[in-house]
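> Got a structure here, written out as C-alpha coordinates. Questions coming.
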Amino acid sequence: MKKPYRKTSAERQKEIVQAVLRIIGEQGVTSLTTNTIAKEVGVTSGAIFRHFHSLEEIFREVVAYAIKKIEETFPEKSLPPLERLRTFAINRVMLFESSPGLAWLLRSEQAYLTLPKDSVNALQKITNQSKQYILDLLEEGIGLGIIRSDIDAKSLLIPIIGTIHTMIGIPGIRKSAGYKKTEVEQALLALERMLLSPNHLDRKPQLNNQFKKE
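Using this note's numbering, you'd call the opening residue of the sequence shown number 243 and step up by one each time.
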(Lines of atoms letter the chains of each structure in order from A and count residues from 1; the text may use other names and numbers.)
(Lines give C-alpha, C1' and ligand atoms only; values in the text may rest on other atoms or scores of the structure.)
Protein backbone atom coordinates (compact mmCIF):
# COMPACT_ATOMS: atom_id res chain seq x y z
CA MET A 1 0.00 0.00 0.00
CA LYS A 2 1.32 3.38 -1.01
CA LYS A 3 2.19 5.61 1.94
CA PRO A 4 0.39 8.99 2.11
CA TYR A 5 2.55 11.92 1.05
CA ARG A 6 3.98 13.81 3.99
CA LYS A 7 4.72 17.47 3.34
CA THR A 8 8.22 18.72 3.94
CA SER A 9 8.98 21.38 6.54
CA ALA A 10 9.66 23.88 3.75
CA GLU A 11 6.21 23.24 2.29
CA ARG A 12 4.56 23.61 5.68
CA GLN A 13 6.47 26.83 6.33
CA LYS A 14 5.19 28.28 3.07
CA GLU A 15 1.63 27.26 3.95
CA ILE A 16 1.96 28.91 7.35
CA VAL A 17 3.30 32.13 5.84
CA GLN A 18 0.47 32.29 3.31
CA ALA A 19 -2.06 31.50 6.03
CA VAL A 20 -0.77 34.40 8.13
CA LEU A 21 -1.16 36.78 5.20
CA ARG A 22 -4.71 35.54 4.53
CA ILE A 23 -5.73 35.96 8.16
CA ILE A 24 -4.26 39.46 8.37
CA GLY A 25 -5.83 40.48 5.07
CA GLU A 26 -9.30 39.05 5.77
CA GLN A 27 -9.69 39.28 9.55
CA GLY A 28 -7.06 41.73 10.75
CA VAL A 29 -3.92 41.24 12.80
CA THR A 30 -5.88 41.03 16.07
CA SER A 31 -7.30 37.70 14.84
CA LEU A 32 -3.83 36.26 14.34
CA THR A 33 -3.11 33.52 16.91
CA THR A 34 -1.42 30.16 16.76
CA ASN A 35 -4.88 28.59 16.84
CA THR A 36 -6.20 30.60 13.87
CA ILE A 37 -3.01 29.89 11.92
CA ALA A 38 -3.24 26.17 12.68
CA LYS A 39 -6.93 26.07 11.68
CA GLU A 40 -6.16 27.87 8.41
CA VAL A 41 -3.34 25.45 7.57
CA GLY A 42 -5.21 22.38 8.79
CA VAL A 43 -2.78 21.27 11.50
CA THR A 44 -2.64 21.37 15.29
CA SER A 45 -1.35 24.48 17.02
CA GLY A 46 1.56 22.43 18.35
CA ALA A 47 2.53 21.46 14.81
CA ILE A 48 3.12 25.14 13.95
CA PHE A 49 6.12 25.22 16.24
CA ARG A 50 7.67 22.15 14.70
CA HIS A 51 8.37 24.40 11.73
CA PHE A 52 8.97 27.74 13.49
CA HIS A 53 10.42 28.39 16.92
CA SER A 54 8.21 31.38 17.69
CA LEU A 55 5.57 33.78 16.33
CA GLU A 56 8.37 36.30 15.84
CA GLU A 57 10.18 33.88 13.56
CA ILE A 58 6.95 33.41 11.60
CA PHE A 59 6.67 37.17 11.17
CA ARG A 60 10.23 37.35 9.89
CA GLU A 61 9.49 34.68 7.31
CA VAL A 62 6.25 36.43 6.32
CA VAL A 63 8.14 39.67 5.71
CA ALA A 64 10.87 37.87 3.76
CA TYR A 65 8.19 36.27 1.57
CA ALA A 66 6.42 39.61 1.11
CA ILE A 67 9.61 41.36 0.05
CA LYS A 68 10.36 38.65 -2.47
CA LYS A 69 6.89 39.07 -4.01
CA ILE A 70 7.24 42.86 -4.05
CA GLU A 71 10.64 42.66 -5.73
CA GLU A 72 9.01 40.69 -8.54
CA THR A 73 6.81 43.69 -9.36
CA PHE A 74 9.73 45.83 -10.54
CA PRO A 75 9.73 45.86 -14.38
CA GLU A 76 12.87 45.64 -16.48
CA LYS A 77 14.66 48.97 -16.69
CA SER A 78 15.04 48.50 -20.45
CA LEU A 79 11.36 49.44 -20.92
CA PRO A 80 10.51 53.06 -21.87
CA PRO A 81 9.77 55.20 -18.77
CA LEU A 82 5.97 55.44 -19.09
CA GLU A 83 5.59 51.78 -20.04
CA ARG A 84 7.75 50.93 -17.05
CA LEU A 85 5.54 53.03 -14.79
CA ARG A 86 2.33 51.47 -16.10
CA THR A 87 3.72 47.97 -15.66
CA PHE A 88 4.97 48.81 -12.17
CA ALA A 89 1.56 50.20 -11.17
CA ILE A 90 -0.38 47.22 -12.53
CA ASN A 91 2.00 44.71 -10.96
CA ARG A 92 1.61 46.37 -7.56
CA VAL A 93 -2.17 46.65 -7.83
CA MET A 94 -2.56 43.01 -8.88
CA LEU A 95 -0.25 41.80 -6.11
CA PHE A 96 -1.94 43.69 -3.29
CA GLU A 97 -5.43 43.01 -4.64
CA SER A 98 -4.68 39.29 -4.53
CA SER A 99 -3.14 39.50 -1.06
CA PRO A 100 -4.50 42.28 1.20
CA GLY A 101 -2.20 41.00 3.94
CA LEU A 102 0.79 42.20 1.91
CA ALA A 103 -0.76 45.66 1.68
CA TRP A 104 -1.19 45.66 5.47
CA LEU A 105 2.50 44.98 5.97
CA LEU A 106 3.47 48.05 3.94
CA ARG A 107 0.67 50.47 4.73
CA SER A 108 -0.39 49.89 8.32
CA GLU A 109 1.22 51.68 11.24
CA GLN A 110 0.16 48.71 13.36
CA ALA A 111 2.52 46.54 11.33
CA TYR A 112 5.48 48.56 12.52
CA LEU A 113 4.40 48.02 16.13
CA THR A 114 3.78 44.29 15.67
CA LEU A 115 6.75 43.14 13.59
CA PRO A 116 10.34 42.58 14.73
CA LYS A 117 12.57 45.63 14.28
CA ASP A 118 14.73 44.03 11.59
CA SER A 119 11.60 43.14 9.61
CA VAL A 120 10.35 46.73 9.90
CA ASN A 121 13.70 47.94 8.59
CA ALA A 122 13.47 45.53 5.66
CA LEU A 123 9.98 46.81 4.77
CA GLN A 124 11.12 50.41 4.98
CA LYS A 125 14.01 49.56 2.69
CA ILE A 126 11.77 48.07 -0.01
CA THR A 127 9.43 51.07 0.32
CA ASN A 128 12.35 53.46 -0.24
CA GLN A 129 13.55 51.30 -3.13
CA SER A 130 10.11 51.60 -4.73
CA LYS A 131 10.13 55.38 -4.42
CA GLN A 132 13.63 55.59 -5.86
CA TYR A 133 12.61 53.36 -8.76
CA ILE A 134 9.79 55.74 -9.66
CA LEU A 135 12.01 58.79 -9.23
CA ASP A 136 14.64 57.30 -11.55
CA LEU A 137 12.14 56.59 -14.33
CA LEU A 138 10.61 60.05 -13.94
CA GLU A 139 14.01 61.73 -14.24
CA GLU A 140 14.80 59.57 -17.25
CA GLY A 141 11.49 60.52 -18.86
CA ILE A 142 12.07 64.20 -18.15
CA GLY A 143 15.52 63.96 -19.70
CA LEU A 144 14.04 62.36 -22.84
CA GLY A 145 11.39 65.07 -23.11
CA ILE A 146 8.55 62.55 -22.64
CA ILE A 147 7.58 63.57 -19.12
CA ARG A 148 6.80 67.18 -18.24
CA SER A 149 9.71 69.17 -16.85
CA ASP A 150 7.77 72.07 -15.29
CA ILE A 151 7.23 69.97 -12.14
CA ASP A 152 10.18 68.26 -10.47
CA ALA A 153 10.29 64.47 -10.17
CA LYS A 154 9.91 64.45 -6.36
CA SER A 155 6.67 66.44 -6.61
CA LEU A 156 5.33 64.11 -9.33
CA LEU A 157 6.08 61.14 -7.10
CA ILE A 158 3.30 62.09 -4.65
CA PRO A 159 0.29 61.79 -7.04
CA ILE A 160 1.78 58.64 -8.58
CA ILE A 161 1.99 56.84 -5.24
CA GLY A 162 -1.44 58.17 -4.28
CA THR A 163 -2.95 56.86 -7.52
CA ILE A 164 -1.43 53.40 -7.05
CA HIS A 165 -2.70 53.21 -3.47
CA THR A 166 -6.17 54.27 -4.59
CA MET A 167 -6.23 51.70 -7.40
CA ILE A 168 -5.45 48.93 -4.92
CA GLY A 169 -8.85 49.55 -3.35
CA ILE A 170 -10.84 49.48 -6.60
CA PRO A 171 -12.86 46.23 -6.93
CA GLY A 172 -13.17 44.10 -10.04
CA ILE A 173 -9.57 44.42 -11.23
CA ARG A 174 -9.34 40.78 -12.25
CA LYS A 175 -13.02 39.85 -12.58
CA SER A 176 -14.39 42.53 -14.90
CA ALA A 177 -15.53 41.25 -18.30
CA GLY A 178 -14.73 44.53 -20.05
CA TYR A 179 -11.42 45.94 -18.93
CA LYS A 180 -11.55 48.86 -21.39
CA LYS A 181 -13.94 50.80 -19.14
CA THR A 182 -12.67 50.01 -15.65
CA GLU A 183 -11.85 52.72 -13.15
CA VAL A 184 -8.33 51.36 -12.95
CA GLU A 185 -7.69 51.86 -16.63
CA GLN A 186 -9.10 55.37 -16.54
CA ALA A 187 -6.90 56.21 -13.55
CA LEU A 188 -3.84 55.02 -15.45
CA LEU A 189 -4.73 57.06 -18.52
CA ALA A 190 -5.33 60.16 -16.40
CA LEU A 191 -2.03 59.64 -14.61
CA GLU A 192 -0.15 59.24 -17.88
CA ARG A 193 -1.73 62.37 -19.34
CA MET A 194 -0.80 64.32 -16.24
CA LEU A 195 2.82 63.22 -16.63
CA LEU A 196 3.23 63.80 -20.37
CA SER A 197 5.17 66.78 -21.66
CA PRO A 198 3.15 69.21 -23.86
CA ASN A 199 4.87 67.86 -26.98
CA HIS A 200 3.52 64.37 -26.30
CA LEU A 201 -0.04 65.17 -25.18
CA ASP A 202 -1.49 64.37 -28.60
CA ARG A 203 -0.01 60.88 -28.72
CA LYS A 204 -2.38 57.90 -28.54
CA PRO A 205 -2.30 56.29 -25.06
CA GLN A 206 -0.97 52.73 -24.94
CA LEU A 207 -2.62 50.52 -22.35
CA ASN A 208 -0.94 47.77 -20.42
CA ASN A 209 -1.74 44.36 -21.97
CA GLN A 210 -3.18 43.19 -18.66
CA PHE A 211 -6.02 45.65 -19.16
CA LYS A 212 -6.86 44.77 -22.75
CA LYS A 213 -9.88 42.56 -23.14
CA GLU A 214 -8.92 39.07 -24.25
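Glycine included, C-beta positions come from ideal geometry on N, C-alpha and C.
Could you check whether Arg326 and Leu379 sit closer than 8 angstroms to each other, using their CB atoms as the reference points?
For the purposes of this step, residue 379 is taken as the residue at position 137 of the sequence shown. For the purposes of this step, residue 326 is taken as the residue at position 84 of the sequence shown. In this structure, Leu379 lies near Arg326, with their beta-carbon atoms less than 8 angstroms apart.
> Whole angstroms are fine: how far does the CA of Arg248 sit from the CA of Ser397?
By one-based count along the sequence shown, residue 397 stands at place 155. By one-based count along the sequence shown, residue 248 stands at place 6. Computed Cα separation, rounded: 54 angstroms.
> Residues bridged to Ile389 by DSSP?
The sequence position of residue 389 within the sequence shown is 147, counting from 1. Paired residue(s): Leu438.
> Measuring alpha carbon to alpha carbon, tell me which residue in Ala261, Leu438, Gly267 and Leu431 is nearest Pro461.
Look at the range of the chain in this structure, 243 to 456, and you will see that residue 461 is not part of it.
> Can you name the start and end residues of the alpha helix (DSSP H) that Glu282 belongs to?
Mapped onto the sequence shown, residue 282 falls at position 40. Unbroken alpha helix (DSSP H) run through Glu282: Thr276 to Val283.
> For the alpha helix (DSSP H) holding Thr314, just list the boundary residues, first then last.
The residue given as residue 314 occupies position 72 in the sequence shown. What sits at residue 314 in the sequence shown is Glu, not Thr. Neither: Glu314 is in no alpha helix (DSSP H) and is coded neither H nor E.
> With distances taken between CB atoms, is the gap from Val305 to Leu344 smaller than 8 angstroms?
Indexing the sequence shown from 1 puts residue 305 at position 63. Indexing the sequence shown from 1 puts residue 344 at position 102. Result no, Cβ atoms of Val305 and Leu344 do not sit closer than 8 angstroms.
> Look at His293 and Gln255 and say whether their C-beta atoms are less than 8 angstroms apart.
Position 51 of the sequence shown, counted from the first residue, corresponds to residue 293. Position 13 of the sequence shown, counted from the first residue, corresponds to residue 255. A contact, by the Cβ cut-off of 8 angstroms.
> Could you give the distance in angstroms between the alpha-carbon of Lys359 and the alpha-carbon of Leu274?
Translated into the one-based positions of the sequence shown, residue 359 becomes position 117. Translated into the one-based positions of the sequence shown, residue 274 becomes position 32. Each residue's alpha carbon lies about 19 angstroms from the other.
> Would DSSP call Asp394 helix, strand or coil?
Position 152 of the sequence shown holds residue 394. Coil, per DSSP.
> From what residue to what residue does the alpha helix (DSSP H) around Arg334 run?
Mapped onto the sequence shown, residue 334 falls at position 92. Here the alpha helix (DSSP H) through Arg334 covers Pro323 to Ser340.
> Identify which residue in Gln352, Thr408, Ser391 and Gln366 has its Cα closest to the Cα of Tyr271.
Here residue 271 corresponds to residue number 29 of the sequence shown, with the count starting at 1. Note that residue 271 is Val in the sequence shown here, rather than Tyr. Looking at the Cα atoms, Gln352 is the closest of the given residues.
> Can you give the Cα-Cα distance for Leu433 and Gly288, rounded to whole angstroms?
Along the sequence shown, one-based indexing puts residue 433 at 191. Along the sequence shown, one-based indexing puts residue 288 at 46. Computed Cα separation, rounded: 50 angstroms.
> Nearest to Ser320 by CA position, among Glu313, Ile312 and Thr329, is which residue?
For the purposes of this step, residue 320 is taken as the residue at position 78 of the sequence shown. Considering only alpha carbons, the answer is Thr329.
> Please classify Leu263 as buried or exposed, where buried requires at least 16 other C-beta atoms within 10 Å of its C-beta.
The residue labelled residue 263 in the question sits at position 21 within the sequence shown. Result: buried.
> Apart from the five residues just before and just after Lys311, which ones in its own chain have a Cβ nearer than 7 angstroms to its Cβ?
Residue numbering aside, residue 311 sits at position 69 when the sequence shown is read from its first letter. Excluding residues within five positions, the ones whose Cβ falls inside 7 angstroms are Leu337 and Leu344.
> Can you tell which of Ser350, Glu381, Gly383 and Leu355 has its C-alpha closest to the C-alpha of Thr369?
Position 127 of the sequence shown, counting from 1, holds the residue named residue 369. Among Ser350, Glu381, Gly383 and Leu355, the Cα nearest to that of Thr369 belongs to Ser350.
> Look up Arg302 in the DSSP assignment and say whether it is helix, strand or coil.
Start at 1 with the first residue of the sequence shown, and residue 302 comes out as number 60. In the structure shown, Arg302 sits in a helix (DSSP, three-state: H, G or I).
> Could you pull out every residue in the same chain whose Cβ sits closer than 6 angstroms to the Cβ of Ala200, ignoring the five residues on either side in sequence?
Residue 200 falls outside the range modelled here, since the chain spans only 243 to 456, and no answer is possible.
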